[in-house]
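What follows is a short report on a single structure.
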Amino acid sequence: MTVAAVTTPDAVTPVVTTTPLLEPPALLDLLPAAGAVSWVRRGEGLVGWGEAARLEVTGPRALAEAAEWWEALSAGLDVDDRAEVPGSGPVVFASIAFDPAAGTSVFVVPEVVVGRRDGAAWVTTTGDADPADVLAAAPATAPAPVGRLRYADGALDPASWCATVAAAVARIGAGELAKVVLARDLLVTADAPLDPRALLARLAARFPGCWTFAVDGLLGATPELLLRRTGRELSSRVLAGTAPRGAGADDQRLAAGLLASAKDRAEHALAVDSLVRALEPYCTTLTAPGEPQLLTLANVRHLATDVTGVQRRGGARGRAGLLELVGAVHPTAAVCGTPTDAAAALIGELEGMDRGRYAGPVGWLDARGDGEFGLALRCAQLADDDPATARLFAGCGIVAGSDPAAELAETQAKFAAFQAALES
Numbered sequence: 000m001t002v003a004a005v006t007t008p009d010a011v012t013p014v015v016t017t018t019p020l021l022e023p024p025a026l027l028d029l030l031p032a033a034g035a036v037s038w039v040r041r042g043e044g045l046v047g048w049g050e051a052a053r054l055e056v057t058g059p060r061a062l063a064e065a066a067e068w069w070e071a072l073s074a075g076l077d078v079d080d081r082a083e084v085p086g087s088g089p090v091v092f093a094s095i096a097f098d099p100a101a102g103t104s105v106f107v108v109p110e111v112v113v114g115r116r117d118g119a120a121w122v123t124t125t126g127d128a129d130p131a132d133v134l135a136a137a138p139a140t141a142p143a144p145v146g147r148l149r150y151a152d153g154a155l156d157p158a159s160w161c162a163t164v165a166a167a168v169a170r171i172g173a174g175e176l177a178k179v180v181l182a183r184d185l186l187v188t189a190d191a192p193l194d195p196r197a198l199l200a201r202l203a204a205r206f207p208g209c210w211t212f213a214v215d216g217l218l219g220a221t222p223e224l225l226l227r228r229t230g231r232e233l234s235s236r237v238l239a240g241t242a243p244r245g246a247g248a249d250d251q252r253l254a255a256g257l258l259a260s261a262k263d264r265a266e267h268a269l270a271v272d273s274l275v276r277a278l279e280p281y282c283t284t285l286t287a288p289g290e291p292q293l294l295t296l297a298n299v300r301h302l303a304t305d306v307t308g309v310q311r312r313g314g315a316r317g318r319a320g321l322l323e324l325v326g327a328v329h330p331t332a333a334v335c336g337t338p339t340d341a342a343a344a345l346i347g348e349l350e351g352m353d354r355g356r357y358a359g360p361v362g363w364l365d366a367r368g369d370g371e372f373g374l375a376l377r378c379a380q381l382a383d384d385d386p387a388t389a390r391l392f393a394g395c396g397i398v399a400g401s402d403p404a405a406e407l408a409e410t411q412a413k414f415a416a417f418q419a420a421l422e423s
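Number 210 in numbering that gives the first Met the number 0 belongs to position 211 of the sequence shown; there are no gaps in the numbering.
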């Protein structure tokens, strides 16, 4: 059964206006302290605030129902789009549950969206607001200090989590599955409310090559692009296989070791293969390089493969929208495992927590069908009932030969990405 909280199309002011901007603004500087959405990389992307429409949906048809809702909503709007680029005109931001059939996915149409792309900039308003007035009213108050931070274990303490890794390795050794991604959570409480603006700004500064996102209290900086659609062109960045950073010559040694690691390369190949197999039926061409590259971040390195394709023009697969494509490829082996059903069942058995929207698709979709979705990684969920509390997430891929202590260290390195934003 689907449970949904919906702002219907009839409740939305049907006028949407996109106006080009002469001076591209610093996107994250525009955000208010509450209700902001974000998808920004290297200073470009989209930010928004206010809420013109909202959908919360769960159930076996969650993504199909969301696609139908967005199509009906956008079709009923009176749109004046003077920019006509991906991300202009009506836009919905989405944060989809790791398991859309069981968890709640959130779709938000902001009242105001400001975008930057390839040197161009624009502002989109829903309703009668004057774009100049909207930007002039951008917040001027700086985020306040949060004071002392206190951390606590989430569902499992480190020793218990290591035991679950050992149990997963045993199940893999018994032939039940080839890979499973196990995550853990960490709770943080501050003396004062956590301000998303400060966290997003610090994440963007530390990880400029990642996509800094925020939707409905889930915010982070993901290095992994699940799927981008521009016209009929599709692209994805698969990450699997991780090593920590080091100092001086040790950093290069760790990089070379990651490229040469049979375990990490096997884990990476499973992730690439799962994406390609899911996307191939929708494409006339699909290209995945045979060798991964290194993606270097401030705290870790990953094996990375960029996959590109062209969507078919005919038949049901050619008519598939971005949300259908996202549903087809998610969850990949990079966040779940392989085979998918066996890995998902083992996650439910061993993790001891509800992932919610962690490791689910997060991004945006416009009325033309263009959009970008990453995976909600290196992130935290701000608590609804306590603005000074957040829940951090980190996970890693478990395959034959995985060492529990090494996997625990990998989660700690991944937690460090968000902890640095909290502690700056």
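Note that the Cβ used here is the ideal one computed from N, Cα and C, for glycine as well. None of the values given here were measured: they were computed from a predicted structure.
- DSSP, reduced to helix, strand and coil, places D272 within a helical segment of the structure shown.
- Closest by C-alpha distance to T123, out of P13, L225, R227, is P13.
- Under the three-state reduction of DSSP, C161 is assigned to helix.
- For P360, the enclosing beta strand (DSSP E) has its first and last residue at 360–365.
- Of the residues G146, V180, Y150, A93, the one whose Cα lies closest to the Cα of W160 is V180.
- When rounded, the separation of the alpha-carbon atoms in D365 and S73 is 9 angstroms.
- Under DSSP, G47 shares a beta bridge with V36, V112.
- Taking the CA atoms as reference points, P192 sits about 43 angstroms from A169.
- As the crow flies, the alpha-carbon of E290 is around 8 angstroms from that of T304.
- No residue range can be given for G146, since it is assigned to no alpha helix (DSSP H) and is classified by DSSP as neither H nor E.
- R60 carries a coil assignment under DSSP once its states are collapsed to helix, strand and coil.
- Within 10 angstroms of the beta-carbon of P288 lie fewer than 16 other beta-carbons, which makes it exposed.
- The beta carbon of R40 is closer than 6 angstroms to those of W210 in its chain, skipping five residues each way along the sequence.
- Boundaries for E83: no beta strand (DSSP E) harbours it, and the DSSP string shows neither H nor E there.
- Contact between the segment 294–310 and the segment 236–243 is present, with at least three C-beta pairs closer than 8 angstroms.
- By the neighbour-count criterion, in which a residue is buried when 16 or more other Cβ atoms sit within 10 angstroms of its Cβ, E371 is buried.
- Its chain contains T388 as the residues whose beta carbon lies nearer than 6 angstroms to that of A382, once the 5 sequence neighbours on both sides are disregarded; these appear in chain order.
- The straight-line gap separating the alpha-carbon atoms of D77 and T188 is approximately 45 angstroms.
- Counting only the Cα atoms, D340 lies some 15 angstroms from A167.
- The alpha carbon of V334 has as its nearest neighbour, out of G320, R356, I171, the alpha carbon of R356.
- In the DSSP assignment, P403 falls within the alpha helix (DSSP H) that extends over 403–422.
- In the structure shown, R201 adopts helical secondary structure according to DSSP, grouped into three states.
- Excluding its 5 nearest sequence neighbours in each direction, E175 has C-beta neighbours in its own chain below 7 angstroms: A341, listed in chain order.
- By the criterion of a C-beta distance shorter than 7 angstroms, L407 is surrounded in its chain by P157, W160, C161, once the five residues flanking it on both sides are discounted.
- Exposed is the label assigned to A246, since fewer than 16 other Cβ atoms lie within 10 Å of its Cβ.
- For T221, the enclosing beta strand (DSSP E) starts and ends at 217–221.
- The three-state secondary structure of G172, taken from DSSP, is helix.
- Closest by C-alpha distance to T410, out of L253, V275, L155, R276, is L155.
- Less than 7 angstroms separates the beta-carbon of V84 from that of R116.
- The Cβ atoms of L45 and G86 sit closer than 7 angstroms to each other.
- At a Cβ-Cβ threshold of 7 angstroms, V325 and R231 do not count as neighbours.
- For G368, the secondary structure class from DSSP, reduced to helix, strand or coil, is coil.
- With a beta-carbon spacing of about 5 angstroms, S94 and V361 fall inside the 8 angstroms limit used to define contacts.
- DSSP, reduced to helix, strand and coil, places E232 within a strand of the structure shown.
- Residue burial annotation: Q380 is buried, with at least 16 other C-beta atoms found within 10 angstroms of its C-beta.
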